[in-house]
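Here the working numbering is used: position 194 in the sequence shown is 212, and no number is missing along the way.
The C-beta atom is built at its ideal place from N, Cα and C for all residues, glycine as well.
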Amino acid sequence: MNPLLEVQGLIKYYPVGSRFSAQRRTLRAVDGIDLTVQPGETLGLVGESGCGKSTTVRLIMRLLEPTAGRILFDGQDMSSMSSAQLKVVRRRMQIVFQDPFASLNPRKTAGRIIADPLAIHRIGSAAERRSRVQDLLERVGLDRTHAERYPHEFSGGQRQRISIARALACSPQLIVADEPVSALDVSIQAQVLNLLQELQRDLALTMIFISHDLSVVQYVSDRIAVMYLGKIVELGPSQAIYYHPQHPYTRSLLSAIPLPDPTRREAIPPLESELPSPMNVPSGCRFHPRCPLATERCRHESPELRPVGTTLVACHNV
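Below you can see the structure in the form of structure tokens.
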């Protein structure tokens with residue numbers, strides 16, 4: 019089966035400072051990403067804040083222009099598409115943003131927000147769009163009468179359901195969920211996660227799910243890619259990553275998940291030092307300044323992803 023989405027050597031650099039300054043530097047937000055996503059699959063993308071997760075998906079959606087690399091959607095190279103060609107492809111791929119209040123226009127009703135993609139792509143008549151909006155509201159667990167309300171009249175969980183309904187309006191194949199539950203209460207998080215899983219199953223959706231919480235990603239994902247400072251350091255099946263992590267960084271992320279039993283302690287302490295600046299990337303393995311297993315080789319030689327069991331791991335010591 020051919021992948022629905024394929025990313026090859028994706029890079030995004032930002033020049034920092036005045037172009038006339040001798041101190042001008044480069045921020046390496048994404049530094050060589052290779053990914054494939056199969057039809058019907060959920061790929062989880064996880065890592066600390068600042069590791070490049072959101073930048074990666076914005077590049078995939080072509081909301082940002084890549085510095086280098088190729089993005090193939092259903093075999094079509096999006097990297098060189100014109101605006102008109104992108105408009106056609108974007109009907110098939112949609113995004114749900116992290117903050118539902120910021121991503122919804124406060125001057126529009128929920129019905130108008132959900133109907134906007136239909137109007138932009140000229141799908142259906144006015145009556146058909148109204149019917150589609152009402153069906154989508156019910157599909158995400160809201161009432162048809164909610165179409166006339168404004169975003170400030172909804173709770174955070176309800177606003178995120180409206181964002182999901184808007185993303186589904188054009189019947190896309192790929193949904194990108196950029197930390198869709200991080201701004202919600204824990205009980206509401208579970209409801210939204212269950213809704214996303216139900217929609218994926220019923221509508222045969224392909225999904226990229228981003229979070230900094232490995233327990234959330236493991237719950238919804240078939241495979242997980244762990245990012246650190248612009249690169250993928252571990253990639254493999256969800257259960258293998260969660261229960262048998264190979265990379266020291268993945269183990270540290272798992273050890274930071276709160277345990278329900280206060281008497282239990284993880285053998286691996288969570289990371290304490292800050293993520294290095296992407297403007298001053300460490301030489302060799304990027305994780306070596308924080309890694310308890312670092313050797314002299316790690317300080318000078320950058321590891322490549324290689325098979326270890328059922329996962330791909332970028333580490334010299336596993």
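With DSSP run on the structure shown, which of helix, strand or coil describes residue i?
i: Glu216; result: helix
i: Ser121; result: helix
i: Asp339; result: The displayed coordinates of the chain run from 19 to 336. Any statement about residue 339 would go beyond what the structure contains.
i: Ile259; result: helix
i: Ser13; result: Residue coverage of the chain in this structure runs from 19 to 336, which leaves residue 13 outside it and unanswerable.
i: Leu272; result: helix
i: Gln209; result: helix
i: Ile141; result: coil
i: Gln264; result: coil
i: Glu293; result: At residue 293 the sequence reads Leu, which differs from the Glu that was named. Of the three classes helix, strand and coil, the one that applies to Leu293 here is coil, per DSSP.
i: Arg317; result: helix
i: Arg167; result: coil
Would you give the residue range spanned by the beta strand (DSSP E) that residue i belongs to?
i: Glu252; result: 249–255
i: Ala195; result: 192–196
i: Thr47; result: The question names Thr, but residue 47 in the sequence shown is Ala. That run of the beta strand (DSSP E) goes 43–55.
i: Thr224; result: 224–229
i: Tyr32; result: 23–34
i: Gln112; result: 111–114
From the DSSP output, read off the bridge partner residues of residue i.
i: Ala243; result: Leu63, Leu253
i: Pro325; result: Leu330
With respect to the alpha helix (DSSP H) encompassing residue i, which residues constitute its N-terminal and C-terminal limits?
i: Ser301; result: That residue, Ser301, is in no alpha helix (DSSP H); it is neither H nor E in DSSP.
i: Val10; result: A query on residue 10 cannot be resolved here, the shown segment of the chain reaching from 19 to 336 and no further.
i: Val199; result: From DSSP, Val199 is part of no alpha helix (DSSP H); its letter is neither H nor E.
i: Val158; result: It is not in any alpha helix (DSSP H) - Val158 carries neither H nor E in the DSSP assignment.
i: Val336; result: Careful: Val336 lies outside any alpha helix (DSSP H) and carries neither H nor E.
i: Pro310; result: Unbroken run through Pro310: none, as it is neither H nor E.
i: Tyr187; result: The amino acid at residue 187 is misidentified as Tyr; the sequence shows Ala. Careful: Ala187 lies outside any alpha helix (DSSP H) and carries neither H nor E.
i: Ile131; result: 128–138
i: Tyr237; result: 232–238
What are the complete beta strand (DSSP E) segments, minimum 3 residues, inside the stretch 57–101? 60–64, 86–91
Can you find at least 3 beta carbon pairs, one from the stretch 215–229 and one from the stretch 63–70, that sit closer than 8 Å? yes
For the pair the stretch 128–140 and the stretch 175–184, tell me if three or more CB-CB distances fall below 8 Å. yes
Could you tell me whether the stretch 252–259 touches the stretch 74–82, where touching means 3 or more Cβ pairs closer than 8 Å? no
Do the stretch 185–205 and the stretch 102–116 meet, that is, are 3 or more Cβ pairs less than 8 Å apart? yes
Are the stretch 87–102 and the stretch 138–155 touching by the rule of at least three beta carbon pairs closer than 8 Å? no
Can at least three beta-carbon pairs, one atom from the stretch 202–222 and one from the stretch 239–249, be found at a separation below 8 Å? no
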